[in-house]
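Numbering (the numbering used here), first residue to last: 38 to 297.
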């Protein structure tokens, strides 16, 4: 099967698809002919996506709500005739503070969205992938899940959990020809990294510019990653080119040299 034929046969669902990495993936897959449905917690942002990209289906969903995840997966599967690819992209940056000052509700919220949300979506989607006789799941983690960052324990711990969730699923689902991999971005250009830099600057009582410079000094290429670059590697993993790749964590970070 050629790549063109492959992609025209693919039915894709993406969480947090109203902007950033999720939207970049949705657009990339739509361009090659896949059917694409995206969820997001922001209905207004989804309306804008649907208006600008008529080929993308949208439905609001809070991934921290297992019933909402079930509804989204069923809704998308009913309209596409099944599901072949799940992109577990939803996540939050979490609260920036020392461990002993972390509010308990912020810790719980970070795990509810970053970990439980991925579990809920996978749990709902896997039966559809099995019926399709194969497919791919991509879980968005972070370099923080590999190295950990000071003042960001909830985020770092939750992203580490995502890595082992992906690995566990890869072992279980391999016999069904379902591949599961994780992508670990570094600093990705966009509003989220600007918010993270602002929070870290405030926690350290330094300027935004100083904090941004520190972030870039931790990257050997001294640059941030673009969402479209992440999308390209997601496409690679989900396409026939990634047929033999499962249970892996792919860092796309410009070369992280150290973690604070």
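Glycine residues also receive a C-beta, built at the ideal position from the N, C-alpha and C atoms.
Mapping the DSSP letters down to three states, classify residue i as helix, strand or coil.
i           : result
residue 243 : coil
residue 274 : helix
residue 284 : coil
residue 293 : strand
residue 110 : helix
residue 152 : helix
residue 100 : coil
residue 43  : helix
Please list the terminal residues of the continuous beta strand (DSSP E) segment that includes residue i.
i           : result
residue 176 : 172 to 177
residue 95  : 93 to 97
residue 76  : 72 to 77
residue 48  : 48 to 51
residue 120 : Looking at the DSSP string, residue 120 is not in any beta strand (DSSP E), and its letter there is neither H nor E.
Tell me which residues share the same chain as residue i and place their Cβ nearer than 7 Å to its Cβ, disregarding the 5 neighbours each side in the sequence.
i           : result
residue 258 : 291 and 292
residue 132 : 139, 140, 143 and 191
residue 100 : 52, 106, 127, 150, 154, 157 and 158
residue 245 : 234, 235 and 238
residue 252 : 224 and 234
residue 182 : 193, 196, 197, 199, 200 and 221
Please check the pair residue i and residue j, which I expect to be a contact at CB under 8 Å, by giving their CB distance rounded to whole angstroms.
i           : j           : result
residue 198 : residue 152 : 5 Å
residue 220 : residue 178 : 7 Å
residue 125 : residue 174 : 7 Å
residue 134 : residue 83  : Going by Cβ atoms, the distance from residue 134 to residue 83 rounds to 31 Å, so no, they are not a contact pair.
residue 95  : residue 87  : 5 Å
Going by DSSP, what residue range makes up the alpha helix (DSSP H) through residue i?
i           : result
residue 301 : Outside the shown range of the chain, which is 38 to 297, sits residue 301, and nothing can be said about it.
residue 143 : 141 to 148
residue 66  : 57 to 68
Within its chain, find whatever has a CB closer than 6 Å to the CB of residue i; leave out the 5 residues flanking it on each side and keep chain order.
i           : result
residue 226 : 261 and 263
residue 78  : 99
residue 110 : 161 and 162
residue 6   : With the chain covering only 38 through 297, there is no way to say anything about residue 6.
residue 63  : 51, 54, 73, 75 and 93
Apart from the five residues on each side of it in sequence, which residues of its chain come closer than 8 Å, Cβ to Cβ, to residue i?
i           : result
residue 270 : 220, 287 and 289
If we require 3 or more residues per run, which beta strand (DSSP E) segments fall completely within the stretch 170 to 240?
172 to 177 and 215 to 222
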